[in-house]
């Protein structure tokens with residue numbers, strides 16, 4: 002009996018050692034992912050420069066929103082450093098990585114996305130582990146208060162890394178990979194040609210200007226950073242990142258939000274949110290990511306704002322590009338066997354599911370239909386499934402283009418949501434899809450890696466599983 006106890010204790014002791022060996026000993030598996038670019042951006046930030054630097058700091062809205070090469074042409078007195086990475090990583094780690102690298106004459110433009118997570122002290126532990134894979138010095142941006150969360154996330158990171166080592170590296174999304182960046186840390190040309198969002202806007206990511214969106218923690222972080230920058234001889238300004246005008250909530254008051262910024266931040270506000278709100282045709286795959294032509298337009302607007310702050314009255318050319326046309330929705334054929342189980346509301350591009358009919362009854366499995374009365378079904382409201390008390394499996398076909406936050410909260414018995422969509426970029430999702438639900442999300446086996454590493458779906462990686470064959 003004693004031997005079994007000793008063997009069990011030894012086995013338990015080996016688990017953390019094995020995880021440590023996987024996490025730190027195996028070759029990098031995430032180095033070629035989108036987050037793998039962080040080490041290169043950090044290296045660019047640390048290297049010597051002959052001129053004062055214009056450091057653009059924020060999430061992926063900076064990466065997709067600014068053409069650094071064009072900005073250097075418009076502002077030749079600066080060397081531009083695009084230090085925008087990923088909203089799922091958080092704004093705080095970007096501040097903490099850059100604060101010790103500031104030099105006299107540097108101008109830092111803080112450009113967080115206009116959403117709660119970016120305007121907080123959030124640190125994405127999963128994203129940070131992946132970004133630091135093979136460059137663990139990047140973990141220095143984590144603080145002592147993050148230690149528990151970082152340790153808690155490590156087993157998932159290590160196990161995932163080991164799985165990729167055995168099975169081969171992750172299948173990376175077309176744009177969201179390290180190879181999409183050039184040697185200057187800017188996106189390469191020819192990757193983001195037009196708006197790919199159905200209807201030109203992501204309804205799961207509305208843009209708000211409520212003053213309380215700006216958290217006290219965020220303001221403290223920015224003010225501390227601004228003071229440290231001033232001690233280093235650098236300057237910090239706040240500038241709004243690009244925003245899809247079609248996603249701005251009705252009745253929003255950007256000017257009131259600006260008043261709140263001026264009251265609480267010690268740095269100056271450059272430009273106007275009205276300038277950063279652009280037509281949908283200039284965007285790419287989220288309400289904050291511009292396509293290639295939109296990036297040129299915004300870069301010229303940004304240069305104009307910077308010149309105005311510097312007292313430079315020289316003219317700034319406008320980007321000589323035409324706005325790409327929005328894609329027209331395509332009809333998708335699918336399984337409509339459960340169409341009479343739902344209640345519908347007419348929308349501009351077809352039908353939206355708004356509730357359950359009596360036919361749904363105590364069904365344990367439901368398939369969201371592709372069409373109703375000859376027109377496509379394109380989405381569902383947040384409370385459409387409320388009352389599905391017995392539902393255990395929900396199948397969502399490729400016609401559904403967006404899933405609202407809390408969509409499954411009204412299904413207490415739900416175990417699995419099956420997605421038939423093979424392209425994660427074609428199914429828009431917010432940050433709180435699983436609010437009120439503990440279900441898993443089964444995706445096509447061949448698309449699993451792309452879902453796990455996609456911009457919008459990566460926060461749900463711990464809930465994703467694979468399905469093979471046909472779930473219908």
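Numbering (my numbering), first residue to last: 2 to 473.
Where a beta carbon is used, it is the ideal one built from N, C-alpha and C, also for glycine.
Give me the DSSP bridge partner(s) of residue i.
i           : result
residue 109 : 56, 237
residue 356 : 344
residue 373 : 376
residue 403 : 429
residue 366 : 394
residue 182 : 188
residue 467 : 444
residue 208 : 249
residue 80  : 54
residue 278 : 244
residue 269 : 238
Rounded to the nearest angstrom, what separates residue i and residue j at their Cα positions?
i           : j           : result
residue 374 : residue 431 : 29 Å
residue 244 : residue 253 : 13 Å
residue 322 : residue 442 : 41 Å
residue 440 : residue 248 : 29 Å
residue 217 : residue 195 : 37 Å
residue 379 : residue 208 : 22 Å
residue 360 : residue 389 : 11 Å
residue 86  : residue 134 : 15 Å
residue 433 : residue 347 : 25 Å
residue 455 : residue 16  : 30 Å
residue 130 : residue 394 : 32 Å
residue 1   : residue 280 : The question about residue 1 has no answer, for the chain in this structure spans 2 to 473.
residue 419 : residue 396 : 5 Å
residue 324 : residue 108 : 31 Å
residue 39  : residue 93  : 14 Å
residue 426 : residue 122 : 27 Å
residue 202 : residue 366 : 31 Å
residue 54  : residue 100 : 14 Å
residue 118 : residue 59  : 12 Å
residue 171 : residue 444 : 15 Å
residue 10  : residue 401 : For residue 10, the pLDDT reaches just 44, beneath the cut-off of 50, and the residue's location in the model is therefore unreliable, leaving the point undetermined.
residue 246 : residue 273 : 14 Å
residue 259 : residue 234 : 26 Å
residue 447 : residue 102 : 42 Å
residue 264 : residue 457 : 33 Å
residue 81  : residue 98  : 17 Å
residue 469 : residue 333 : 21 Å
residue 159 : residue 166 : 10 Å
residue 199 : residue 193 : 15 Å
residue 45  : residue 143 : 20 Å
residue 288 : residue 112 : 15 Å
residue 463 : residue 276 : 38 Å
residue 89  : residue 461 : 11 Å
residue 376 : residue 329 : 15 Å
Taking the alpha-carbon of residue i as reference, which of the options has the nearest alpha-carbon?
i           : options            : result
residue 228 : 81, 76, 367, 96    : 96
residue 242 : 140, 206, 64, 41   : 64
residue 47  : 265, 410, 139      : 139
residue 297 : 21, 284, 421       : 284
residue 278 : 372, 463, 256      : 256
residue 137 : 263, 43, 466, 181  : 43
residue 147 : 171, 91, 290       : 91
residue 240 : 225, 246, 266      : 266
residue 369 : 317, 376, 336      : 336
residue 61  : 290, 421, 313, 343 : 290
residue 421 : 351, 276, 371      : 371
residue 1   : 452, 45, 408, 269  : Because the chain is modelled from 2 through 473, residue 1 falls outside the range shown and cannot be assessed.
residue 271 : 282, 250, 311      : 311
Does residue i pass the burial test, meaning 16 or more other C-beta atoms within 10 Å, or should it be called exposed?
i           : result
residue 26  : exposed
residue 115 : buried
residue 300 : buried
residue 436 : exposed
residue 21  : exposed
residue 205 : buried
residue 211 : exposed
residue 230 : buried
residue 1   : Here the chain covers residues 2 to 473 and nothing more, so residue 1 does not appear.
residue 450 : buried
residue 164 : exposed
residue 316 : exposed
Kindly indicate if chain B contains any beta-carbon less than 8 Å away from that of residue i.
i           : result
residue 257 : Here there is only one protein chain, and chain B is not present.
Segment contact, 8 Å Cβ cut-off, at least three pairs: the stretch 173-181 with the stretch 297-308: Cβ pair count under 8 Å is below three, so no.
Any 3 or more C-beta pairs closer than 8 Å across the stretch 72-79 and the stretch 32-45: no
Validate contact between the stretch 377-390 and the stretch 347-361 using beta carbons, cut 8 Å, 3 pairs: yes
Segment contact flag, the stretch 184-204 with the stretch 48-60, C-beta cutoff 8 Å, min 3 pairs: no
Touch test, the stretch 143-163 against the stretch 109-127, Cβ-Cβ under 8 Å, three pairs minimum: yes
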